[in-house]
Amino acid sequence: MKKTLFIILLLIVSCKSQNNDTSESKSAELVQFQIKVDSILNESIDPNKPGLAILIAYDGKMLIGKGYGVRNLETKEPITKSTNMEMASVSKQFTALAILSLVNDGKISLDDTVFKYLPFKTFKNITIKQLINHTSGIEDAEDYFGTYWDSTKIATNYDVLKWYSAENRNKNISGQIFEYNNGAYEVLPLIIEKVSKKNMKII
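Residue numbers (our numbering): 622 to 824.
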């Protein structure tokens, strides 16, 4: 699959690098691009494994949005571009990207303390960079929520913040130890929303 995605990436770069500006040639180019991607993915799908969905956009326009293969091996229910999928930690890269976009715009710095945006004791000596790279030293909120939270309710980022703000949740000295921390990525979206004044869902 890595080889397949690499080939698709080359196709995207190839299309982007061609400088013919006529609308007819662009339309023809797009059709050929869609056909090539379709062919590559249809050949790559293993019928004995779950499929995938792909969305390729350029310059604000969706070039391809389509599902390939099945979502359920027993029922053979097909995957579509609207199929909901478990993202889990894949979402962390988008959170980090949103932070870096704010840095690029000069709105925040990676060296800013989290306390600057969320003034609670736990965050006093922790930087945004340390939240991103899992060296903040704070307890992982997931350990608490996975054990004690009412499983009939969905915990929000604000529930996590409330837990962090209730008392000092520092576990290690910040910046010294790498320890994977899901809770840190529940805090980062709150900073993003506060600075950008936008809901994370639309960023």
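Even glycine gets a Cβ: it sits at the ideal position worked out from N, Cα and C.
Q: With Leu676 as the anchor, note down where its beta strand (DSSP E) starts and where it stops.
A: Leu673 to Tyr679
Q) Would Val652 be called buried (16 or more neighbouring beta carbons within 10 Å of its own) or exposed? A) By the neighbour-count rule (16 or more Cβ atoms within 10 Å), Val652 is not buried but exposed.
Q | Short Cβ contact (8 Å threshold) for Ala674 with Ile700 | A | For the 8 Å CB-CB criterion, Ala674 and Ile700 form a contact.
Q: Taking the CB atoms as reference points, tell me whether Gly758 and Ile812 lie closer together than 8 Å.
A: no
Q.
So for Asn640, helix, strand or coil by DSSP?
A. Here Asn640 scores only 49 on pLDDT, less than 50, and its place in the model should not be relied on; the value that follows carries that caveat. Looking at Asn640 - three-state DSSP - the assignment turns out to be coil, as it is neither helix nor strand.
Q.
Given this structure, state the Cα-to-Cα distance separating Cys668 from Met683, to the nearest angstrom.
A. A small correction: the amino acid at residue 668 is Pro; Cys does not occupy that position in the sequence shown. Near 27 Å, if we compare the C-alpha coordinates of Met683 and Pro668.
Q. Is there contact here, the stretch 798-805 with the stretch 752-766, by at least three beta-carbon pairs under 8 Å?
A. yes
Q) In angstroms, rounded to a whole number, what distance separates the CA positions of Asn789 and Thr743? A) 5 Å
Q: Put Met708 into one of helix, strand or coil per three-state DSSP.
A: coil
Q) With burial defined as no fewer than 16 other Cβ atoms inside 10 Å of the residue's Cβ, what is the status of Thr748: buried or exposed? A) Counting every other CB atom within 10 Å of its CB across the protein chains shown gives Thr748 a total of 16 or more, marking it as buried.
Q) In chain order, what residues of the same chain lie with their CB nearer than 8 Å to the CB of Asn754, ignoring the 5 residues before and after it? A) Phe799
**Q.** Cutoff 8 Å; reference Val808; Cβ partners in own chain excluding five residues on either side
**A.** Val735, Leu739, Phe744, Leu752, Asn778, Val781, Leu782 and Tyr785
Q) Do you know offhand how far Thr716's Cα is from Met708's? A) 13 Å
Q. Taking just the CA atoms, how far does Leu731 sit from Gln797?
A. 17 Å
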